[in-house]
Amino acid sequence: MTLERNSTLLRPSARSRFRRSLSALMAGLAAAAALIAVIALILVLIYILVGGMSAMSLSVFTEGPVPMGNPGGGLRNGIIGTLILMAVASIIGLPIGILGGVYQLETNTTFSRTLRFFTDVMNSIPSIVMGLFAYLIVVLPAAEISPGHAFSAFAGGVALGFLMIPTVMRTTEEILRLVPVTLRDASLALGASQWRTTLSVILPAARGGIVTGILLALARIAGETAPLLFTAFGNLNFNMRLDHPIDALPLNIYNYATSPYDNLHHLALAAAIILLIIILVLSLASRYATRGHSAE
Amino acid sequence: MAIESAAIEVVPAAPAPAKVWSTKKNFGDTIYKWVLTIAAFSVLLIIAGTIYELTMGSRQSISYFGLKFFTSSDWNPTKQIFGALPFILGTLYSSVWALVIAIPIGLFTAIFLSEISPRWIERPVSFMVELLAAIPSVVYGLWGLFVLQPWMVKYIEGPFSQGPLAKLPIFGDTPNGYDMLSASVILAIMVLPYITAVSRDILKAIPRTVREASYALGATRWETIKGVVLPYGRAGIIGAVMLGFGRALGETMAVTMVIGNAPVFKTDLFSSGYTLASVIANELAEASGLYRSALIEIGLSLFIITLIVNAGAKLLIFYTAQDLNARGGKA
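Protein chains in written order, with my numbering: chain A, -19 to 276; chain B, 19 to 349.
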């Protein structure tokens, strides 16, 4: 026996129709929320891309800054400064981050679990507080030793390097855990010592993943501005010395965008697009590094 | 791609096999052990060092102003009088309004990504939302300065200040765009990816069987989300929101560029304000003596506030994830 199509048993009640419409409405609201988030991204990116591209020229890369109010000027010092700062930060942050990650792999004690929590805590320290720390341990002592030599590229590198540590440490640990235990056991069984096993077996096997962590950490610090304001400080003159103040792209964006001059506004947009490209390249490269790893 | 895995690590890493340091007497391994331990300890050293240095640096201000530092609204570098109240209130106020904007959007986006959208939509949308976290603060600030500020004055604050809502105490001041509202909107965009990504991961970790049970009882999709899915992940979602709150509290550049930087606190959203992070960013490089000490104490206050908020968030997310794992959820 079959029910007829318009039997009352199959016809939805008013209550049921309301419940279904409400469900559809809320699904629509959820989609609208996602749309708002995507639109926010597009609004910001399009503005920077359009504005930045129109401000691009060769002189942006080849010229240094000019005193405020003068026409022209370029971002050469900022680009080189940012690269130097990232290099110094890597020298400080990477060894600690990678070795700390290896430590997490090698031990499983209450301390190492506590340490994982503190790594998370460190990850959430506002970057300006980290800059303040670098200011207190590098800039102020330097000023006491030789007045007039307070701010320095080194201080900026310290702040950025500390900011890299938690990201590198966590990704290193996570990726090392994916290396099969059998590999390690095989190495130890052949008589290799622990450090030899780590250096020659585990780290090479996890190479791609570790590179990913490093690139992500670099992408994170490339745009940091707040900790540089009172460490690297910025410099109108070209400088590659670590004990002198140094210019950086994020500082250029801040100083130029808040200035009242049109040509500097354009430079700020150009700096923003260069910075975004650096970050995008680092992020995409990090994906590529992982892909290469998983294909091995 | 942009949110570091540490920030959205919802499922705790599987415990390592109990590993005992080699008992063999091997000189290389002894050095190896020490090098690793030193690297690991330096994390603690940096955190402890930050607390120590900030406390030492603010000693002068602490002994001079005492608790009055936190209750006084007077910030006058030329008279050497420093009270941090406008900055503390300004920081909390702008961050709370940022959450008011970001929570509904972030949570609904997470619901969309986890419960509603097909996979071919979920992936690009997730990617784009996380891309929001890759844009540096200073670039948001630039956008806020050149786009958002004039836009707010023209389309939001202007009409509001002429409409009937102007009588409300939060929409009273003359609109200028450099104010709490602009700062909150920018902050909302910046914390959106964190709230969305963490909530989405929490929702996705909820076992399928829970949803199926609800559907089997005849619930619609929305009833399942509202009555079963959201309550199941409640603690983790609160954790996600707190994580966003922690981010908002410490955000510096974008806020500094649009909030107006006036050391007064008003509940009016159209009034300029100041935050803890902004005042450090603007004034530290030129400060000295008691002034510098007061700014360092502001940094210490910011550090403690974000520490409490973030530790709470991490614990909530961690325990929810553990709970979900224990009940057989899959991330």
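We put the CB at the ideal spot given by N, CA and C, even for glycine. It should be emphasised that the depicted structure is a prediction, and the values quoted were computed from it without experimental measurement.
| From residue 16 (chain A) to residue 126 (chain B), what distance separates their C-alpha atoms? | Locating residue 16 (chain A) in the first sequence gives position 36, counting from the first residue. Locating residue 126 (chain B) in the second sequence gives position 108, counting from the first residue. C-alpha separation (whole angstroms): 10 angstroms.
| field | Of the residues B:95, B:152 and B:142, the one placed nearest residue 204 (chain A), counting alpha carbons only | value | The count along the first sequence starts at 1 and reaches residue 204 (chain A) at position 224. Answer by Cα proximity: B:152.
| Hey, is residue 140 (chain A)'s beta-carbon within less than 8 angstroms of any beta-carbon in chain B? | For this step, residue 140 (chain A) is matched to residue 160 along the first sequence. Chain B, which has no Cβ nearer than 8 angstroms to the Cβ of residue 140 (chain A), makes this no.
| field | Minimum Cβ-Cβ distance from residue 214 (chain B) to chain A less than 8 angstroms | value | Mapped onto the second sequence, residue 214 (chain B) falls at position 196. So yes, residue 214 (chain B) belongs to the interface.
| message | Checking the sheet assignment: what are the DSSP bridge partners for residue 93 (chain B)? | response | Sequence index remark: in the second sequence, residue 93 (chain B) carries index 75 (1-based). B:100.
| field | Where residue 278 (chain B) sits in the DSSP three-state scheme | value | Start at 1 with the first residue of the second sequence, and residue 278 (chain B) comes out as number 260. When DSSP states are grouped into helix, strand and coil, residue 278 (chain B) belongs to the strand group.
| query | What is the rounded straight-line gap between the Cα of residue 3 (chain B) and the Cα of residue 18 (chain A)? | reply | Here chain B comprises residues numbered 19 to 349, so residue 3 (chain B) is not present and cannot be evaluated.
| Leaving out the 5 sequence neighbours to the left and right, which residues in its chain are closer than 7 angstroms to residue 294 (chain B) when beta-carbon positions are compared? | Translated into positions along the second sequence, residue 294 (chain B) becomes position 276. Cβ neighbours of residue 294 (chain B) beyond the five flanking positions: 105, 106, 109, 316, 319 and 320.
| request: Can you give me the Cβ contacts of residue 218 (chain A) inside the same chain, cut-off strictly under 7 angstroms, excluding the 5 residues immediately before and after it? | output: Here residue 218 (chain A) corresponds to residue number 238 of the first sequence, with the count starting at 1. Answer for residue 218 (chain A): 44 and 57, listed in chain order.
| message | DSSP three-state label for residue 195 (chain B), please. | response | Counted from its first residue, the second sequence places residue 195 (chain B) at position 177. Residue 195 (chain B): coil per DSSP, three-state reduction.
| task | Measure the Cβ-Cβ separation of residue 111 (chain A) and residue 208 (chain A) and say whether it is below 8 angstroms. | result | Position 131 of the first sequence, counting from 1, holds the residue named residue 111 (chain A). Position 228 of the first sequence, counting from 1, holds the residue named residue 208 (chain A). Result yes, Cβ atoms of residue 111 (chain A) and residue 208 (chain A) sit closer than 8 angstroms.
| request: Assign residue 288 (chain B) to one of three DSSP states: helix, strand, or coil. | output: Counted from its first residue, the second sequence places residue 288 (chain B) at position 270. In this structure, residue 288 (chain B) counts as coil in the three-state DSSP scheme.
| How would you list, in chain order, the residues of chain A whose beta-carbon sits under 9 angstroms from the beta-carbon of residue 161 (chain B)? | If you number the second sequence from 1, residue 161 (chain B) lands on position 143. Simply 23, 24, 27, 28 and 252.
| Minimum C-alpha distance to residue 23 (chain A) - residue among B:244, B:191, B:157 and B:225 | Position 43 of the first sequence, counted from the first residue, corresponds to residue 23 (chain A). Ranking the options by Cα distance to residue 23 (chain A), first place goes to B:157.
| Any chain A beta carbon closer than 8 angstroms to residue 276 (chain B) | Start at 1 with the first residue of the second sequence, and residue 276 (chain B) comes out as number 258. Taking Cβ atoms only, chain A never reaches closer than 8 angstroms to residue 276 (chain B), which makes this a no.
| query | On the premise that residue 270 (chain A) lies in contact with residue 192 (chain A), defined as a C-beta separation below 8 angstroms, what is that separation, rounded to the nearest angstrom? | reply | For the purposes of this step, residue 192 (chain A) is identified with residue 212 of the first sequence, where counting begins at 1. For the purposes of this step, residue 270 (chain A) is identified with residue 290 of the first sequence, where counting begins at 1. At roughly 5 angstroms, the Cβ-Cβ gap stays under 8 angstroms, so residue 192 (chain A) and residue 270 (chain A) are in contact.
| message | I'd like to know whether the C-beta atoms of residue 80 (chain A) and residue 215 (chain B) end up nearer to each other than 8 angstroms. | response | Start at 1 with the first residue of the first sequence, and residue 80 (chain A) comes out as number 100. Start at 1 with the first residue of the second sequence, and residue 215 (chain B) comes out as number 197. No. Outside cutoff.
| Counting contacts by CB-CB distance shorter than 8 angstroms, is residue 82 (chain A) in contact with chain B? | One-based indexing of the first sequence puts residue 82 (chain A) at position 102. Yes, because at least one Cβ of chain B sits closer than 8 angstroms to the Cβ of residue 82 (chain A).
| chain B residues whose Cβ lies nearer than 7 angstroms to that of residue 188 (chain A) | Looking up residue 188 (chain A) in the first sequence gives position 208. Result: empty, since nearest Cβ-Cβ is about 15 angstroms, beyond 7 angstroms.
| Who pairs with residue 213 (chain A) in a beta bridge, going by DSSP? | Translated into positions along the first sequence, residue 213 (chain A) becomes position 233. DSSP lists A:226 as partners of residue 213 (chain A).
| task | Measure from the alpha carbon of residue 186 (chain A) to the alpha carbon of each residue in A:157, A:39, A:77 and A:147, then state which is nearest. | result | In the first sequence, counting from the first residue as 1, residue 186 (chain A) sits at position 206. Of A:157, A:39, A:77 and A:147, the residue nearest in Cα terms is A:157.
| message | Assuming contact is defined by CB atoms lying nearer than 8 angstroms, are residue 219 (chain B) and residue 288 (chain B) in contact in what I supplied? | response | Position 201 of the second sequence, counting from 1, holds the residue named residue 219 (chain B). Position 270 of the second sequence, counting from 1, holds the residue named residue 288 (chain B). For residue 219 (chain B) and residue 288 (chain B), no; Cβs fall outside 8 angstroms.
| Given that a residue counts as buried once 16 or more other Cβ atoms are within 10 Å of its Cβ, and exposed if not, what is residue 126 (chain A)? | As a position in the first sequence, residue 126 (chain A) is number 146, starting the count at 1. Residue 126 (chain A) should be labelled exposed.
| request: Please name the residue in A:257, A:241, A:176 and A:223 whose C-alpha comes closest to that of residue 120 (chain A). | output: Indexing the first sequence from 1 puts residue 120 (chain A) at position 140. Nearest of A:257, A:241, A:176 and A:223 to residue 120 (chain A), Cα basis: A:223.
| request: Find the residues of chain A that neighbour residue 317 (chain B), judging by a C-beta separation of less than 7 angstroms, and give them in chain order. | output: Counted from its first residue, the second sequence places residue 317 (chain B) at position 299. The answer, in chain order, is 109 and 112.
| residue -6 (chain A) classed as buried or exposed, judged by whether at least 16 other C-beta atoms fall within 10 angstroms | For this step, residue -6 (chain A) is matched to residue 14 along the first sequence. Result: exposed.
| query | Skipping 5 residues on each side, what residues in its chain have a beta carbon closer than 7 angstroms to that of residue 337 (chain B)? | reply | One-based indexing of the second sequence puts residue 337 (chain B) at position 319. Here the set comprises 253.
| Out of B:326, B:225 and B:274, which has the shortest C-alpha to C-alpha gap to residue 167 (chain B)? | By one-based count along the second sequence, residue 167 (chain B) stands at place 149. The shortest Cα separation from residue 167 (chain B) among B:326, B:225 and B:274 belongs to B:274.
| said: Threshold first: 4 residues or longer. Then list the alpha helix (DSSP H) segments lying entirely within the stretch 125 to 199 of chain B, N to C. | reply: 137 to 149, 155 to 161 and 176 to 180
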